[in-house]
Amino acid sequence: DVKVTQSSRYLVKRTGEKVFLECVQDMDHENMFWYRQDPGLGLRLIYFSYDVKMKEKGDIPEGYSVSREKKERFSLILESASTNQTSMYLCASSLSFDRAPYEQYFGPGTRLTVT
Amino acid sequence: QQPVQSPQAVILREGEDAVINCSSSKALYSVHWYRQKHGEAPVFLMILLKGGEQKGHEKISASFNEKKQQSSLYLTASQLSYSGTYFCGTGGRDFFGSSNTGKLIFGQGTTLQVKP
Chain A
1 DVKVTQSSRY
11 LVKRTGEKVF
21 LECVQDMDHE
31 NMFWYRQDPG
41 LGLRLIYFSY
51 DVKMKEKGDI
61 PEGYSVSREK
71 KERFSLILES
81 ASTNQTSMYL
91 CASSLSFDRA
101 PYEQYFGPGT
111 RLTVT
Chain B
1001 QQPVQSPQAV
1011 ILREGEDAVI
1021 NCSSSKALYS
1031 VHWYRQKHGE
1041 APVFLMILLK
1051 GGEQKGHEKI
1061 SASFNEKKQQ
1071 SSLYLTASQL
1081 SYSGTYFCGT
1091 GGRDFFGSSN
1101 TGKLIFGQGT
1111 TLQVKP
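Line order of the protein sequences matches chains A and B. All residue numbers for the first sequence refer to this note's numbering, where the first residue is 1 and numbers rise by one. All residue numbers for the second sequence refer to this note's numbering, where the first residue is 1001 and numbers rise by one.
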């Protein structure tokens, strides 16, 4: 079974702090994704990566950056946390863009609260 | 641009049927369906590819109408375990200039509650 783990289930940070969210997958997947989930807005893509050190902006990248130094690990960084970044953050991975299976496997999520 | 799901919420009795729709303003090349139970991660249900056939999974099936840029998820004889939020994720030809089914744009979700 594919396993995607995230470093914390719950996190509370103060405004202006630098925040690191970590995600690890154990199935040698090429692609990794960071989403945020807010009520009524569904899952919105922040960034994704299709290879080590490669990254692409998603739909809402402002205020975030990412790092992928190893294939299995994808980090989301909030350079200066703000209250409007309070949300559920979900990490996902998928095998590849150009061969099946295409489904994304999600981690359990990190509930981040910025006060 | 996010696809639009309808309805936003639906309440059923066990054994009843439901349809969840997903509409996009952009041309679609793939549609994924996921279900997220309360407090859990989203789980993949099925994928429909352009030119592909209708997919099924037990009593859950889906269709893909390329011309209308729509997909529908059909839940037949619903069970309590079907409760959760259903998301469609749409993929388009926007990455490497090829038909890419990896990067998805998700809808806002449809909450389904099945009561005994």
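Quick reminder that beta carbons are idealized off the backbone N, C-alpha and C, glycines included.
Limits of the beta strand (DSSP E) - the one that residue i falls within
{"i": "residue 1069 (chain B)", "result": "Unbroken run through residue 1069 (chain B): none, as it is neither H nor E."}
{"i": "residue 1013 (chain B)", "result": "1009-1013"}
{"i": "residue 999 (chain B)", "result": "The first residue shown for chain B is 1001 and the last is 1116, placing residue 999 (chain B) beyond what the model contains."}
Own chain partners of residue i with C-beta closer than 7 angstroms, once the 5 adjacent residues on each side are dropped
{"i": "residue 1004 (chain B)", "result": "1023 and 1107"}
{"i": "residue 87 (chain A)", "result": "36, 37, 38 and 112"}
{"i": "residue 57 (chain A)", "result": "47"}
{"i": "residue 43 (chain A)", "result": "35, 37 and 90"}
{"i": "residue 1082 (chain B)", "result": "1075, 1112 and 1114"}
{"i": "residue 4 (chain A)", "result": "23, 25, 91, 92, 93, 105, 106 and 107"}
{"i": "residue 1080 (chain B)", "result": "1014, 1114 and 1116"}
As assigned by DSSP and simplified to three states, the class of residue i
{"i": "residue 1063 (chain B)", "result": "strand"}
{"i": "residue 1080 (chain B)", "result": "helix"}
{"i": "residue 1041 (chain B)", "result": "coil"}
{"i": "residue 9 (chain A)", "result": "coil"}
{"i": "residue 1035 (chain B)", "result": "strand"}
{"i": "residue 1029 (chain B)", "result": "coil"}
{"i": "residue 1085 (chain B)", "result": "strand"}
{"i": "residue 16 (chain A)", "result": "coil"}
{"i": "residue 1002 (chain B)", "result": "coil"}
{"i": "residue 1104 (chain B)", "result": "coil"}
{"i": "residue 115 (chain A)", "result": "coil"}
{"i": "residue 1109 (chain B)", "result": "coil"}
{"i": "residue 1058 (chain B)", "result": "coil"}
{"i": "residue 22 (chain A)", "result": "strand"}
{"i": "residue 3 (chain A)", "result": "coil"}
{"i": "residue 1050 (chain B)", "result": "coil"}
{"i": "residue 1094 (chain B)", "result": "Low per-residue confidence applies at residue 1094 (chain B): pLDDT is 48, beneath 50, and the placement is therefore not dependable enough to give any value."}
Buried versus exposed call for residue i [16 or more other C-beta atoms within 10 Å across all chains shown]
{"i": "residue 110 (chain A)", "result": "buried"}
{"i": "residue 198 (chain A)", "result": "Any answer about residue 198 (chain A) is impossible in this case: the structure gives chain A only from 1 up to 115."}
{"i": "residue 52 (chain A)", "result": "exposed"}
{"i": "residue 1042 (chain B)", "result": "buried"}
{"i": "residue 50 (chain A)", "result": "buried"}
{"i": "residue 33 (chain A)", "result": "buried"}
{"i": "residue 25 (chain A)", "result": "buried"}
Sequence-distant residues of its chain with Cβ nearer than 8 angstroms to residue i (five each side left out)
{"i": "residue 1015 (chain B)", "result": "1077 and 1078"}
{"i": "residue 115 (chain A)", "result": "12, 13, 14, 15 and 83"}
{"i": "residue 18 (chain A)", "result": "77, 78, 79, 80 and 81"}
{"i": "residue 103 (chain A)", "result": "94"}
{"i": "residue 1096 (chain B)", "result": "With a pLDDT of 44 at residue 1096 (chain B), under the threshold of 50, the modelled position of this residue cannot be trusted, and the question is left open."}
{"i": "residue 60 (chain A)", "result": "36, 44, 45 and 46"}
Residues near residue i in its chain [Cβ-Cβ closer than 6 angstroms; skip 5 each side]
{"i": "residue 1020 (chain B)", "result": "1073, 1086 and 1110"}
{"i": "residue 1090 (chain B)", "result": "1003, 1024, 1028, 1031 and 1105"}
{"i": "residue 133 (chain A)", "result": "What is shown of chain A runs 1 to 115, which leaves residue 133 (chain A) out entirely."}
{"i": "residue 1036 (chain B)", "result": "1042, 1084 and 1085"}
{"i": "residue 1064 (chain B)", "result": "1031, 1048 and 1071"}
Inset, instruction - Could I get the ranges of all uninterrupted alpha helix (DSSP H) runs contained in the stretch 24-110 of chain A, with 4 residues as the minimum, in chain order? - result: None, since the stretch 24-110 of chain A contains no complete alpha helix (DSSP H) of that length.
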